[in-house]
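> For reference, the structure I am asking about is given below.
There are 2 protein chains.
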Amino acid sequence: MSTLEPVTSIPQATVARLPLYLRALHQVAEAGNPTVSSAGLAAAAGVNPAKVRKDLSYLGSYGMRGIGYDVATLTQQISASLGLERGWGVALVGVGRLGQALTNYAGFANRGFAIKAVFDSATDQVGTKVGPLTVQHVNELPQVVAAQKIAIGIIATPAEAAQDVCDQLIAAGVTSILNFAPCVLFVPKGVDLRKVDLAIELQILSYHEHHKTLPDRGTRLAPRRRRGSSVPSRRTRAISGALPTRTTRTKAVDE
Amino acid sequence: MSTLEPVTSIPQATVARLPLYLRALHQVAEAGNPTVSSAGLAAAAGVNPAKVRKDLSYLGSYGMRGIGYDVATLTQQISASLGLERGWGVALVGVGRLGQALTNYAGFANRGFAIKAVFDSATDQVGTKVGPLTVQHVNELPQVVAAQKIAIGIIATPAEAAQDVCDQLIAAGVTSILNFAPCVLFVPKGVDLRKVDLAIELQILSYHEHHKTLPDRGTRLAPRRRRGSSVPSRRTRAISGALPTRTTRTKAVDE
DNA sequence: TCAACTTTGTGCATCCGTTCACAAGGGGCT
DNA sequence: AGCCCCTTGTGAACGGATGCACAAAGTTGA
């Protein structure tokens, strides 16, 4: 493993989990544990311990054998890898109820994302305050975004307006977009796009719910153990007390 | 392929895309096309045509060779498979800004999800109206949810309250949960859980953004073509005009 | 009726992600 | 010092998902 450069193509799946570990690490830190084992972190993040170790190995970070990971160090390494140490300016378009909720969402500011400007096309919205920000007309978007060198955009408009807004954001220099509008967006190469469709999540739940109540056995697959061996009768005692043996975790479908 | 029973264990990845196809089909229908090819649908849904065909084949649905898929039929089949034909009652807990936005989100009602009750623990929220609904105290949750046989719950509380609320929902009979609180929830087997963490999405974007501006080449991998053969020089003319040749789609990371 | 064309359905190879299982490394107690 | 135990890091097997490429099937037009 290359120990010096932490920039060695981290798998997508791992990148998607790093924020999870970060969240878990904060819990562990608040519990007062200076170190945490992969098992402890796994429990707090709701994943498999081996996955944690493999994921963290991509960062080139060192755990201490026999001990675990230093919470402070690991927190800092993950933050660095995610690029959270510098703050990011964010522009949000669409100040409907969802847009307002997002603008005020504390979880963004906590992680270094500062919403710098909010836009809408409805003239009666323009000029009103959303939190500390004044809603600007979407016509202003190009200048404002370009002038402030904002790199991240959030789209919370109706689907009809989304592609248009998207194009404008990109023209103004935005290179990462989080889309809440329920539609497919097309972006040029070099621009990253992620989407959150609230209704889709419910529909996926609906599928599983539907097939639970179905006459014949639904699609559910039993957690079948692969090799007959090794049900670890001894429960690994984690350093942190954060092993919530509550109940089994569900197969939360993707991600 | 089993043509008669459409209930033959659909892969997770496919289930997650079905709502996407449904959305695309509505677009196509509004455009007035009675049929659509896999290529047309793929373009509208932002995925690969082969994937569309394979996905749809799991439903046991028939496309018509030489023609494509009948839009109305396919819409109905996907809806049926997702269990969207009957409506679902939904309980929402946590009437903060996000909770309010979700309660009023039109996309839910459109797809057959009716929010039947909203709860909060803040006494000054209780009794206020959110849309047509009156906020009830979370103490009422067990009775209300059980009495109305609500199967789906949405958690939009702060992280600290989430596990507690989750347990109560399950005790009251909910078997599918959509969690917006930024924390890991543990649920017993048989209960399905999906999560949406808004901050995590931004952090993933941050990672890519960060590595774009890095001195050496970032993590981006070129779209390298596998076999040297067959760049289809002829553009497949879809029946629907919905082939938006705009720009290349990004590698929207997961999902 | 027949030929050319369109589009589906799917076998297959490949890739990515997951998880097991184990060797190697360190810490601490005696 | 030496032993034991804990934990990391990773090789390797496995399974699921993706996407190509092609045969089968049906349509259209002459």
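Here the protein sequences come in this chain order: A and B. Position 126, counted from 1, in the first sequence is what my numbering calls 127; the numbers after and before it change by one each time, with no gaps. Position 239, counted from 1, in the second sequence is what my numbering calls 240; the numbers after and before it change by one each time, with no gaps. Glycine included, each C-beta is placed from N, C-alpha and C at the ideal position.
#1: Mind listing which residues of the region 96-108 of chain A have their C-beta closer than 8 angstroms to chain B's C-betas, in chain order?
#2: Only counting the same chain, and skipping five residues up and downstream in sequence, which positions put a Cβ closer than 8 angstroms to that of N105 of chain A?
#3: Tell whether a beta-carbon distance below 8 angstroms holds between V188 of chain A and I201 of chain A.
#4: Rounding to the nearest angstrom, what Cα-Cα distance links A32 of chain A and A25 of chain A in this structure?
#5: Shorter than 8 angstroms from the beta carbon of P133 of chain B to some beta carbon of chain A?
#6: Indicate whether V91 of chain B and I151 of chain B have their beta-carbon atoms separated by less than 8 angstroms.
#7: Residues of the region 161-175 of chain A in Cβ contact with chain B at a cutoff of 8 angstroms, in chain order, please.
#8: Please list, in chain order, the chain B residues whose beta carbon lies closer than 8 angstroms to that of F114 of chain A.
#9: Mapping DSSP to helix, strand and coil, what is R66 of chain B?
#10: In the DSSP assignment, what residue or residues form a beta bridge with L93 of chain B?
#11: Under 8 angstroms between C-beta atoms, does D193 of chain A make it to chain B?
#12: Out of B:I11, B:P12 and B:Q28, which one is the CA nearest neighbour of V185 of chain A?
#13: Does the beta carbon of S62 of chain B sit closer than 8 angstroms to a beta carbon anywhere in chain A?
#14: Where F120 of chain A and H138 of chain A are concerned, what is the direct C-alpha to C-alpha distance, given to the nearest angstrom?
#15: What is the DSSP secondary structure of L82 of chain B, counted as helix, strand or coil?
#16: Taking the alpha helix (DSSP H) that K257 of chain A falls in, what are its first and last residues?
#17: What whole-angstrom Cβ distance do L83 of chain A and P12 of chain A have, given they're in contact under 8 angstroms?
#18: If we call anything under 8 angstroms between Cβ atoms a contact, is V166 of chain A one with V94 of chain A?
#19: Is R112 of chain B buried or exposed, if buried means 16 or more other CB atoms sit within 10 Å of its CB?
#20: Would you give the residue range spanned by the alpha helix (DSSP H) that V145 of chain B belongs to?
#21: Measure the alpha-carbon distance for M65 of chain B versus V37 of chain B and round it to whole angstroms.
#22: Hey, how far is the Cα of Y63 of chain A from the Cα of F181 of chain B?
#23: Under 8 angstroms, CB to CB, which of the residues in the region 40-57 of chain A have a partner in chain B?
#24: So for S207 of chain A, helix, strand or coil by DSSP?
#25: Are the C-beta atoms of V185 of chain A and some chain B residue less than 8 angstroms apart?
#26: Which residues mark the beginning and the end of the alpha helix (DSSP H) in which I171 of chain A is found?
#27: With distances taken Cα to Cα, identify the nearest neighbour of P183 of chain B among B:T158, B:A73 and B:L206.
#28: For H211 of chain B, would you say it is in contact with chain A, using Cβ-to-Cβ distances shorter than 8 angstroms as the test?
#29: Assuming S80 of chain A and L23 of chain A form a contact by the criterion Cβ under 8 angstroms, report the distance between their Cβ atoms to the nearest whole angstrom.
#30: Span of the beta strand (DSSP E) holding Q137 of chain A?
#31: Kindly indicate which three-state DSSP category D56 of chain A falls into: helix, strand or coil?
#32: Consult DSSP for V29 of chain A and reduce its assignment to one of helix, strand or coil.
#33: Can you tell me whether D56 of chain A is buried or exposed? The criterion is at least 16 other CB atoms within 10 Å of its CB, across all chains shown.
#34: Can you give me the Cβ contacts of V127 of chain A inside the same chain, cut-off strictly under 6 angstroms, excluding the 5 residues immediately before and after it?
#35: Only counting the same chain, and skipping five residues up and downstream in sequence, which positions put a Cβ closer than 8 angstroms to that of R18 of chain A?
#36: With a cut-off of 8 angstroms, does the C-beta of I153 of chain A fall near any C-beta of chain B?
The structure says:
#1: Residues of the region 96-108 of chain A whose Cβ lies closer than 8 angstroms to any Cβ of chain B, in chain order: G97, R98, L99, Q101, A102, L103, N105, Y106 and G108.
#2: Excluding its 5 nearest sequence neighbours in each direction, N105 of chain A has C-beta neighbours in its own chain below 8 angstroms: V131 and G132, listed in chain order.
#3: No, they are not a contact pair.
#4: Just so you know, the alpha carbons of A32 of chain A and A25 of chain A end up roughly 11 angstroms apart.
#5: False, the Cβ-Cβ gap to chain A never drops below 8 angstroms.
#6: Yes, they are a contact pair.
#7: If the cut-off is 8 angstroms between Cβ atoms, the region 161-175 of chain A has nothing near chain B.
#8: Result: A200, L203 and S207.
#9: The answer is coil: DSSP assigns R66 of chain B none of H, G, I, E or B.
#10: DSSP lists B:V119 and B:I155 as partners of L93 of chain B.
#11: With respect to chain B, the C-beta atom of D193 of chain A has a partner C-beta closer than 8 angstroms.
#12: In terms of CA proximity to V185 of chain A, B:Q28 leads the group B:I11, B:P12 and B:Q28.
#13: No, S62 of chain B does not count as interfacial toward chain A.
#14: If you take the alpha carbons of F120 of chain A and H138 of chain A, they lie about 5 angstroms apart.
#15: The residue asked about is misnamed: residue 82 of chain B is Ser in this sequence, not Leu. Helix.
#16: Any answer about residue 257 of chain A is impossible in this case: the structure gives chain A only from 2 up to 256.
#17: Incorrect: roughly 14 angstroms between the Cβ atoms, too far for contact.
#18: Taking a C-beta distance under 8 angstroms as the contact criterion, V166 of chain A and V94 of chain A qualify as a contact pair.
#19: Buried is the label assigned to R112 of chain B, since at least 16 other Cβ atoms lie within 10 Å of its Cβ.
#20: Counted as a single uninterrupted DSSP element, the alpha helix (DSSP H) harbouring V145 of chain B occupies residues L142 to A148.
#21: Whole-angstrom Cα-Cα distance: 10 angstroms.
#22: Spanning the two alpha carbons is a distance of roughly 32 angstroms.
#23: For the region 40-57 of chain A, which is checked against every Cβ of chain B, the residues closer than 8 angstroms are A45, A46 and G47.
#24: S207 of chain A falls in the helix class under three-state DSSP.
#25: With a threshold of 8 angstroms between beta carbons, V185 of chain A makes contact with chain B.
#26: Per DSSP, I171 of chain A belongs to the alpha helix (DSSP H) from A160 to A172.
#27: It is B:T158 whose Cα lies nearest to the Cα of P183 of chain B.
#28: At least one chain A Cβ lies under 8 angstroms of H211 of chain B.
#29: Right, the Cβ-Cβ distance comes to about 7 angstroms (below 8 angstroms), so this counts as a contact.
#30: Note, Q137 of chain A: beta strand (DSSP E), L134 to H138.
#31: In the three-state scheme derived from DSSP, where H, G and I count as helix and E and B as strand, D56 of chain A is classed as helix.
#32: For V29 of chain A, the secondary structure class from DSSP, reduced to helix, strand or coil, is helix.
#33: Answer is buried; the Cβ neighbour count reaches 16.
#34: Cβ neighbours of V127 of chain A beyond the five flanking positions: V136 and H138.
#35: Apart from sequence neighbours up to five positions away, the residues of its chain that approach R18 of chain A with a beta-carbon distance below 8 angstroms are A46, V48, K52 and D56, ordered along the chain.
#36: Yes, contact with chain B.
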